[in-house]
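*Asks:* Please read through the structure below; I'll follow up with questions.
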Amino acid sequence: MGLITFLVSYYVTKDTRANAETTNFTLNSRTASDAENRINSVVSNVSLFCDLFDDPSKSHEELVLDAAKFFDRNSEIAAIGFLSREKIFTNTAFFVTKDISTDLVKAYIDSEAEAIDQAKNGVVCVENASPFFMNPVISIFYPIVIGSDTEIVVAIFSSEKLSESISTGRINETFLVNDKGIALIHPDSSVMMQAGDLSDNKFVAMVIGNNSSGMQQSYVDADDEEYFAACQKISTGNCRVITQVKTSVILAAINATTRRNIALTIAILSVAIVIIWIFAKTLSVPLDRLTAVTEEINKGNFNTHLFDKLNVKRTDEIGILNRSTKAEQDILNTVTSLTNKGVTKAIVRKEIDFEPHLKDITVFFSDIRGFTAVSDSFNKRFGEKSAAEIISFLNDYMSRMVNCISITGGVVDKFEGDAIMAAWGVLRDDNLAYEEMPDDNEKKQELKEHHEKHVKSDALNAIKASCAMRYALMKYNKDADSYTKLHKNKPLASWKPHIRIGCGLNSGRATVGFMGSNEKMEFTSIGDAVNLASRTESSNKLCGTDILIAEATYNILKTDYIRCKNNNYTLKDENLENEIVVEKIPVSFEVKGKGRQHFYGVVNMPNFNIKKFFAVSEPEFEIDADCEKAIGPKGPQNLSEVRIMLGIPEPDFASVNLDAEENKINIK
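Going left to right, the sequence shown walks through residues 387 to 1054 as the numbering used here numbers them.
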């Protein structure tokens, strides 16, 4: 039975292919003949017009009148141009009907310099002008003898009737191309309207390189689809009419019958294979999805869309695994929100050193000025509901501040009431092992430079985040005022306070790692560098600043980003984007073992791009014009302007004592 099926299929397929080739060739020949007649008709009509144009006894007005009569009888012809005599006659009715400006005719002719040059050399050129006129239009450039002169004539005519004449059968596709393979007529209107280049089609490339009047051949396209194709050459402009049909379409019925016969022959085996395959798929597909999700989790991608493909409604073991994995996602997201996204990902990826270790980092502290008074205001307004209102306010405020930290690669260490502690460099894949290398080791210097580059980048990012917070806080205060006004007439009116904050930064060596007990641990940083960062923040009030940096941070950045004596008050072009303006606080303080030091108040980053910064987390971000003065080109130029802008009193430095016991600046 299998042999009979094969023989029947073979001979029927052979006969069908032969009939299809004959039918395709016949359709192509008939279509080519009709298309050639229509094109020649246009050329003949234009030649008649040329005879009228050659009559020297006629005035210009008579020629215009004759042209109008001509176009009335030949409505599909849009325009005729005589290039040597610089005369163009247009079919006004055509252009009005199509809503096209007649000025386009001259512009189009001027754009076809190559076709004009070929026509001057005696070559007839047929071009697709559809893209230019945004309507199905073909142009013909050809030489003609008028009187004793050779004139270059261009005829522009509608290709709509020609499109209708190029018949496309139920399964056959017919199109017309010029001698360069450009589509003149095509069943796909978008290809025709764009003058699509079909020369990359194997058969089109073959026929435009072959001078024979007609040919027929099968070919396989770039998508491995086999076609029967036939071509007839049109005398005008060496155009080709091509008709083709997919072999798969012709043989579809035969192949279907063959498949049915084969299916009947091996029905039992096929059913068995399908059943086994389906059963295997019910196991392999879910397991593949589960594996893909697990791989994403191991990469630290806890919210991958692959979780949505897990079927948690299954009642078998795979369903249990899917539900467990979804629960793991919820746990990881909860842990991330309770700790830090970067820390959680580093733990999952096994990129973090669980043992406490030394690292050179930049530490940040901030808190809200007068938070006790703010808290009391909530209590007076909301009574028992004040706790929820305070938390809502803090969440709003901290979300804005933490966004600035996250954008710059910082890690939030902890929240303590209204205070935020963050650090840059704690998750950096960097260590201090190079310090133990001998000084003559070439690798030591390379590692040292690499390390110092990271330390400098961390300090810069910390200041960027602090400056961005100034804008974010100003925007918060504006939103808070609007929010309060919006709710002022409501019972138990909602309220958000107008606040100021202080930020302190210090760079130095700290112990970083997981610390705590077996019951609870947290990833944190401790050490003198952290203590001094905290004290730096608390000194903002005495110094009349909102962003204060310690001398260690200043020393790291001063050469590259701060105009000072070290760089002769000049920055390199590549560093101007991150220029930092600071002012030295005139009061010094004692740091045990390091002598007396100064704080530096951050005035501005004059080239800070607010939109670019916040667009990292909010692509649709738009700058608030009222808050643009916080930082960047429109920001303050000195600390006095900062104080005026933020409402900070000008300090009396003669009475400021940064060595006072309550300031706790001394490092032990």
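No residue lacks a Cβ here, since even glycine has one placed at the ideal position from N, Cα and C. Only a predicted model underlies this, so the values are computations on that prediction, with no experimental measurement involved.
What's the call for residue 572, buried or exposed, on a 16-neighbour Cβ count within 10 Å?
*Replies:* Result: buried.
*Asks:* Using only alpha-carbon positions, find the residue among 653, 421, 618 and 590 that is nearest to residue 606.
*Replies:* Cα-wise, what sits closest to residue 606 is 590.
*Asks:* What runs of the alpha helix (DSSP H), each 4 residues or longer, lie entirely inside the region 911-970?
*Replies:* Runs found: 914-924, 926-929 and 937-947.
*Asks:* Restricting to runs no shorter than 3 residues, where is the beta strand (DSSP E) found entirely within the region 618-673?
*Replies:* Here the runs fully enclosed are 625-632.
*Asks:* Within 10 Å of its beta-carbon, does residue 459 have 16 or more other beta-carbons around it, so buried, or fewer, so exposed?
*Replies:* Label assigned to residue 459: exposed.
*Asks:* Can the beta-carbon of residue 939 be found closer than 8 angstroms to that of residue 799?
*Replies:* Against a cut-off of 8 angstroms, the Cβ pair of residue 799 and residue 939 comes out as no contact.
*Asks:* Is the beta carbon of residue 944 closer than 8 angstroms to that of residue 954?
*Replies:* Their beta carbons are not under 8 angstroms apart, which means residue 954 does not touch residue 944 by this criterion.
*Asks:* Quick one: give me the first and last residue of the beta strand (DSSP E) that residue 527 is part of.
*Replies:* Per DSSP, residue 527 belongs to the beta strand (DSSP E) from 523-532.
*Asks:* Scan the region 849-912 and note each continuous beta strand (DSSP E) run of 3 residues or more that stays entirely inside, going in chain order.
*Replies:* 887-902 and 907-912, all fully within the region 849-912.
*Asks:* Which same chain residues, not among the five before or five after residue 1054, have their C-beta less than 7 angstroms away from its C-beta?
*Replies:* Below a pLDDT of 50, predicted positions are generally treated as unreliable, and residue 1054, at 36, falls in that range; the measurement from the model is reported next regardless. Closer than 7 angstroms at the Cβ level, and outside the excluded window around residue 1054, lie 978.
*Asks:* Near residue 1040, which residues of its chain fall below 6 angstroms by C-beta distance, leaving aside the five closest residues on each side in sequence?
*Replies:* Answer for residue 1040: no residue qualifies.
*Asks:* Please report the straight-line C-alpha distance between residue 531 and residue 506, rounded to a whole angstrom.
*Replies:* Cα to Cα, the separation comes out at about 12 angstroms.
*Asks:* Suppose you measure from the CA of residue 777 to the CA of residue 925; what does that come to, to the nearest Å?
*Replies:* Roughly 26 angstroms separates the two Cα atoms.
*Asks:* With a CB to CB cut of under 8 angstroms and the five nearest residues on each side skipped, what residues in its chain are close to residue 1025?
*Replies:* The answer, listed in chain order, is 930, 931, 969, 987 and 989.
*Asks:* Drop a sphere of 10 angstroms on the beta-carbon of residue 479, count the other beta-carbons inside from all chains shown, and report buried for 16 or more, exposed for fewer.
*Replies:* Exposed, because fewer than 16 other Cβ atoms sit within 10 Å of the Cβ of residue 479.
*Asks:* Taking buried to mean at least 16 other C-beta atoms within 10 Å of its own C-beta, is residue 467 buried or exposed?
*Replies:* It is buried - the Cβ of residue 467 has at least 16 other Cβ atoms within 10 Å.
*Asks:* State the start and end residues of the unbroken alpha helix (DSSP H) segment that holds residue 787.
*Replies:* Here the alpha helix (DSSP H) through residue 787 covers 772-793.
*Asks:* Just to confirm before moving on: does the CB-CB distance between residue 406 and residue 620 stay below 8 angstroms?
*Replies:* No; because the gap between Cβ atoms is not below 8 angstroms, this pair is not in contact.
*Asks:* Examine the Cβ distances between the region 414-431 and the region 614-631 and report whether three or more of them are shorter than 8 angstroms.
*Replies:* With a cut-off of 8 angstroms, the region 614-631 and the region 414-431 count as touching, because enough Cβ pairs lie within range.
*Asks:* According to DSSP, is residue 578 part of a helix, a strand, or is it coil?
*Replies:* If DSSP states are grouped into helix, strand and coil, residue 578 belongs with the helices.
*Asks:* How would you call residue 1051, buried or exposed, if buried means at least 16 neighbouring beta carbons within 10 angstroms?
*Replies:* With a pLDDT of 42 at residue 1051, under the threshold of 50, the modelled position of this residue cannot be trusted, and the question is left open.
*Asks:* Determine the contact status of residue 791 and residue 858, defining contact as a CB-CB distance below 8 angstroms.
*Replies:* Contact: no.
*Asks:* How many angstroms separate the CA atom of residue 827 from the CA atom of residue 894?
*Replies:* Whole-angstrom Cα-Cα distance: 25 angstroms.
*Asks:* How about residue 331 and residue 526: are their beta carbons less than 8 angstroms apart?
*Replies:* The question about residue 331 has no answer here: the residues shown for the chain are numbered 387 through 1054.
*Asks:* Just the C-alpha distance for residue 805 and residue 754, rounded to the nearest angstrom, thanks.
*Replies:* Approximately 7 angstroms, taken between the alpha carbons.
*Asks:* Could you give the distance in angstroms between the alpha-carbon of residue 875 and the alpha-carbon of residue 757?
*Replies:* Answer to the nearest angstrom: the Cα atoms are 26 angstroms apart.
*Asks:* Which same chain residues, not among the five before or five after residue 612, have their C-beta less than 8 angstroms away from its C-beta?
*Replies:* Excluding residues within five positions, the ones whose Cβ falls inside 8 angstroms are 604, 605, 606, 632, 633 and 634.
*Asks:* Between the C-alpha atoms of residue 593 and residue 563, what's the straight-line distance to the nearest angstrom?
*Replies:* Roughly 10 angstroms between the two C-alpha positions.
*Asks:* Where does residue 461 fall in DSSP's three states?
*Replies:* DSSP places residue 461 in coil when its eight states are reduced to three.
*Asks:* Distance, Cα to Cα, residue 560 vs residue 446?
*Replies:* Using only the alpha carbons, I get a separation of about 43 angstroms.
*Asks:* To which residues of the same chain is residue 348 closer than 8 angstroms at the C-beta, ignoring the five residues directly before and after it?
*Replies:* Any property of residue 348 remains undetermined from this structure, which presents the chain solely from 387 to 1054.
*Asks:* So, with DSSP's three-state summary, where would you put residue 840?
*Replies:* Of the three classes helix, strand and coil, the one that applies to residue 840 here is helix, per DSSP.
*Asks:* Using the Cα positions of residue 430 and residue 400, report the straight-line distance between them to the nearest angstrom.
*Replies:* Those two C-alpha atoms are separated by around 45 angstroms.
*Asks:* How long is the line joining the alpha carbons of residue 1048 and residue 824, rounded to whole angstroms?
*Replies:* Residue placement at residue 1048 is flagged as unreliable, the pLDDT there being 45, under the threshold of 50; the coordinate-derived value follows with that caveat. In a straight line, the C-alpha of residue 1048 is about 44 angstroms away from that of residue 824.
*Asks:* With residue 990 as the anchor, note down where its alpha helix (DSSP H) starts and where it stops.
*Replies:* Unbroken run through residue 990 is the beta strand (DSSP E), 981-990; no alpha helix (DSSP H).
*Asks:* Would you kindly work out how many angstroms separate the C-alpha atoms of residue 524 and residue 578, rounded to a whole number?
*Replies:* Approximately 10 angstroms between the Cα atoms of the pair.
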